[in-house]
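Accompanying notes for the structure given below.
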Amino acid sequence: MDLRDYLRILRRHWLLIALCFAAALVVSGLVTSRMIPQYSSSSRIFISTNNSSSDQAYQDGLFSTQRVASYADLVTGKDMAADVIEDLGLDMNPTELAANVTAQAVPETVLLTISVTDPDPDLAQLLTRTYGEQLALLVADLETPPGGDGPVLKATTVDSAGLPTAAVSPNWTRNLGLAGVLGLLLGFGLAVLRELLDTSVKSAEDITELAESSVMASIAYDPATVKRPLVSDLGSHEPRAEAFRVLRTNLQFVDVDASSKAYVVTSSVPGEGKSTTALNTAITLAQTGQNILLIDGDLRRPQVANVLGLEPAVGLTTVLVGKIDLAAAVQKHETGLHVLTSGTVPPNPAELLQSQAMASLLTAARSTYDVIVIDAPPLLPVTDAALLASMTDGALLVVRHSRTTRDQLRGAHDRLESVGADTLGVVFNMVPKKGGGAYGYGYGYGYGYAPEPEPAGKRRGAKAVKPPKPEKPAKA
């Protein structure tokens, strides 16, 4: 990963990082608030010799300096703690007291600093002074040679312990600062881990690498799509409508010299928004005045008739079994779009779609319409879309941001490639806006994976146009 990848992780998972940061501060604050305040009192002890001769002053100074470090270790021992407890008559464990005592020799001096920490500031002061007194007694005892007149060294308190007024712990600034740093590190670590474990497609670079195709349009996440799926219900300047106009412009550069074009709109798996994309692509193309035919080729869970408010009973399957011709089965929507709905759902969709009747239907449609848009089933669950793509100019692949996995996209591309069909481009669907963290919601594809679209009767702008009844077979 480079710096750009880390910045992208920050933008994508800023909420997770912020939550970890806040949680760390809250936990640290709660723990710190429950900690018992500790007070520390200190005193300085001067270690010197009893020799008053100026000739020996230098050697005596070196001798005292060497001794200071040894006495610092003795001060923090359990024996000294036991002597202090006995002297003050305290009900305390020597080990517990020794753990709250520090003694440090000041470098290159004969000074020794003793500090005692305790929840009671008065007791902390008393203990520190008593430690100084006990050290003086210990030095006098240890530094008196056998048969000598007195001790060679003495310990004198030069800076008596004062009464502490401010607690040395808990340190709110340090605790909260450390917790904040740890929270940020934890949040960023979780974000990186989540990024590494998440195999969903999140960028145009992923699409180019896996599908070997460019992104023709990015459709922004819009929560209003569930209630208003069609661009004909939107204002011309709304982002979703503009995105489909970008797609329309890019499609014009596909097979420029062809007099008639046919595209399959499909996806890897259900729930990526391919039906809504097919509908809006066809509507946007029809807005230019071209003669556009939308075919509902999803014979397993058709959606077109329901969304547009058209009659579903007569359609593609009716034409394929020879009960009616193409012209009679096509319905015209109020947007100017010509629509061939699915017709009755058959038990053998794949057989119908790869039949000679389907090839003949597409040939007839090309002679009448400028562009044919086919809403096909997902590529991975069934073979229908691949069959249709091989009979047309190629497939427009819908990829849902943060939902479609890398393996699914690669598998969809391979499925098209295996039948010799071209991937014309990719529509990157439900791309979050800047600062947005919510990716998921359904555009309304069936198969039990996403919400169904609203019934046509409840949606503004949907107008049903009944097709003619199928012709009865002539009597022999």
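Quick note: the sequence shown, position 148, residue 148 per the UniProt record's numbering, numbers continuous.
Virtual Cβ for every residue (Gly too), placed ideally from N, Cα, C.
Predicted model, so just to flag it, every value in this text is computed and none were measured.
query: For the UniProt domain "AAA" (271-390), list the alpha helix (DSSP H) runs that are entirely contained and at least 4 residues long, ordered along the chain.; result: 274-286, 304-308, 316-320, 326-329, 349-353, 356-366 and 384-390
query: Which residue from Gln-354, Asn-348 and Ala-286 puts its Cα closest to that of Gly-336?; result: Ala-286
query: Alpha carbon to alpha carbon, what distance is there between Leu-163 and Gln-125?; result: 6 Å
query: Excluding five sequence neighbours on each side, which residues of the same chain lie with their C-beta closer than 8 Å to the C-beta of Leu-380?; result: Ser-268, Val-269, Gln-408, Gly-411, Ala-412 and Arg-415
query: For Glu-86, count neighbouring Cβ atoms within 10 angstroms of its own Cβ and tell me buried if that reaches 16, exposed if not.; result: exposed
query: Is His-237 buried or exposed, if buried means 16 or more other CB atoms sit within 10 Å of its CB?; result: exposed
query: Can you look up Val-398 in the DSSP assignment and give me helix, strand or coil?; result: strand
query: By the DSSP assignment, the alpha helix (DSSP H) with Asn-93 in it spans what residues?; result: Here Asn-93 belongs to no alpha helix (DSSP H), and DSSP marks it neither H nor E.
query: If you run the structure through DSSP and keep just helix, strand and coil, what is residue 502?; result: Residue 502 cannot be examined here, being either before or after the span of the chain that is shown, 1 to 476.
query: In whole angstroms, give me the CA-to-CA distance for Leu-16 and Ala-191.; result: 7 Å
query: In the region 186-243, which residue ranges form an unbroken beta strand (DSSP E) of at least 3 residues, counting only runs that do not cross its ends?; result: 215-220
query: For Val-419 and Trp-14, I'd like the C-alpha separation in whole angstroms.; result: 43 Å
query: Taking 7 Å as the threshold (C-beta atoms), are Ala-105 and Leu-112 in contact?; result: yes
query: Does DSSP put Gly-425 in a helix, in a strand, or in coil?; result: strand
query: If you compare alpha carbons, which of Val-345, Ser-33, Thr-368 and Arg-406 is closest to Thr-173?; result: Ser-33
query: Kindly indicate the opening and closing residues of the alpha helix (DSSP H) around Arg-403.; result: Unbroken run through Arg-403: none, as it is neither H nor E.
query: Buried or exposed for Phe-253, please, with buried defined as at least 16 other CB atoms from any protein chain shown within 10 angstroms of its CB.; result: exposed
query: Which stretch, first to last residue, makes up the alpha helix (DSSP H) that contains Phe-21?; result: 14-34
query: Counting only the same chain and skipping the five closest in sequence on each side, list residues whose C-beta sits under 8 Å from that of Gly-322.; result: Ala-357
query: If you draw a straight line from the C-alpha of Val-201 to the C-alpha of Asp-257, how long is it?; result: 33 Å
query: In whole angstroms, what separates the C-alpha of Val-246 from that of Thr-284?; result: 10 Å
query: One question on the structure: do Thr-281 and Val-373 come within less than 7 Å of each other, judged by their Cβ atoms?; result: yes
query: May I ask which residues mark the beginning and end of the beta strand (DSSP E) holding Leu-153?; result: 153-159
query: Hey, quick one: how far does the beta strand (DSSP E) through Thr-109 stretch, first residue to last?; result: It is not in any beta strand (DSSP E) - Thr-109 carries neither H nor E in the DSSP assignment.
query: Closest to Leu-388 by CA distance: which of Thr-363, Arg-406 and Thr-65 is it?; result: Thr-363
query: To the nearest angstrom, report how far apart Ala-72 and Ile-45 are at their CA atoms.; result: 10 Å
query: Let's test the definition: count the other Cβ atoms within 10 Å of the Cβ of Gly-394 and tell me whether it reaches 16, buried, or not, exposed.; result: buried
query: Is it buried or exposed for Leu-299, if we count other Cβ within 10 angstroms and need 16 for buried?; result: buried
query: My understanding is that Thr-157 touches Ser-43, with C-beta atoms under 8 Å, so please give their C-beta distance in whole angstroms.; result: 6 Å
query: Just confirm the distance between the C-beta atoms of Thr-277 and Asn-429, as a whole number of angstroms; I'd bet it's less than 8 Å.; result: 7 Å
query: Considering only their Cβ atoms, is the gap separating Leu-340 from Gly-309 smaller than 7 Å?; result: no
query: Is it the case that the Cβ atoms of Ala-161 and Ala-136 are separated by a distance below 7 Å?; result: no
query: Once the 5 residues before and after Ala-305 are set aside, which same chain residues still bring their CB inside 6 Å of it?; result: Pro-312 and Thr-341
query: Using only CA atoms, which one of Thr-109, Val-110, Ala-262 and Arg-129 lies nearest to Val-116?; result: Arg-129
query: Only counting the same chain, and skipping five residues up and downstream in sequence, which positions put a Cβ closer than 8 Å to that of Ala-18?; result: Gly-187
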